[in-house]
Amino acid sequence: MVYVVLIEKLGNVKESKINKFNIDQLFKKCKHSNNNNFSKRNTWKKDESTHISVFAKNSGRANSENKYDLPPPMDAELFFGTILLCAHKDLEITNDNVIDLTKKDWLTTYSTLMGGFDDLDGAESVRSEDEDIDPSLLTEEGYLMNSFIVDKDEEDPPENSVSEDEFSGNEDDETDSSGYNSDDSQLEGEAYE
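1 is the number of the first residue of the sequence shown in full-length UniProt numbering; add one for each residue after it.
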């Protein structure tokens with residue numbers, strides 16, 4: 001019995017066991033109906049005595065593409081359905097030199113092959129520019145004074161009021177909205193008769 005890693009088409013990684021390892025029958029573990037286009041695609045070196053091989057189909061139906069991002073040089077390849085990963089002692093895999101590959105082992109190796117990942121939950125954190133502001137310059141609510149935030153004590157002007165800036169007319173002129181000045185001319189009564 002040997003443990004292998006299966007990567008389902010949506011990218012879910014799971015561990016599985018094979019009672020009698022046979023390279024020619026691995027397609028069945030991936031739930032493929034036949035071994036057409038199913039073969040070993042690449043081998044990565046895990047350490048001095050361990051290698052990991054990937055078996056997958058490179059042809060298949062639309063919408064059955066595997067979404068998992070494999071490490072280089074397989075990162076640009078498109079595979080279909082479930083992918084199988086297995087570990088072995090020698091560079092060339094045989095039915096006799098296969099060893100256990102757990103999900104944990106694969107995820108550790110994957111991180112190394114991908115160049116490592118940053119720990120976003122680590123002790124180091126990115127400092128915000130707001131952390132450098134003197135607390136005496138902040139309002140009760142925590143906003144910077146003289147910024148665009150209006151103080152809660154200030155009243156908003158009524159929406160229908162006209163400010164002095166908006167008013168452009170001269171109060172002395174008696175011009176209506178049509179621009180007609182009533183003092184300039186008066187129609188004589190006989191012009192309309």
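Note that beta-carbon positions come from the ideal geometry of N, C-alpha and C, so glycine has one too. Values in this document were obtained by computation on a predicted structure and should not be read as measured data.
**Request:** Report yes or no: do three or more beta-carbon pairs, one from the region 59-68 and one from the region 89-103, lie closer than 8 Å?
**Result:** no
**Run of the alpha helix (DSSP H) containing residue 3, from where it starts to where it stops** = Element bounds for residue 3: not the alpha helix (DSSP H) but the beta strand (DSSP E), 2-7.
**Request:** Find the nearest neighbour of residue 41 within the set 110, 73, 138, judged by alpha-carbon distance.
**Result:** 73
**Item:** Span separating the alpha-carbon of residue 46 from that of residue 145
**Value:** 57 Å
**Message:** Suppose contacts are defined by Cβ-Cβ distances below 7 Å. Is residue 2 in contact with residue 15 by that definition?
**Reply:** no
**Message:** Report the start-end ranges of each alpha helix (DSSP H) in the region 86-110 that is 4 residues or longer and not cut off at the edges.
**Reply:** none
**Request:** On a CA-only basis, which of 68, 80, 29, 88 is nearest residue 51? Give me that one, please.
**Result:** 88
**Item:** Straight-line gap, residue 85 to residue 54 (C-alpha atoms, nearest Å)
**Value:** 5 Å
**Request:** Could you name the residues of the same chain whose beta carbon sits closer than 8 Å to that of residue 133, not counting the 5 residues immediately before and after it, in chain order?
**Result:** 144
**Request:** Mark residue 82 as exposed unless 16 or more other C-beta atoms lie within 10 angstroms of its C-beta, in which case mark it buried.
**Result:** buried
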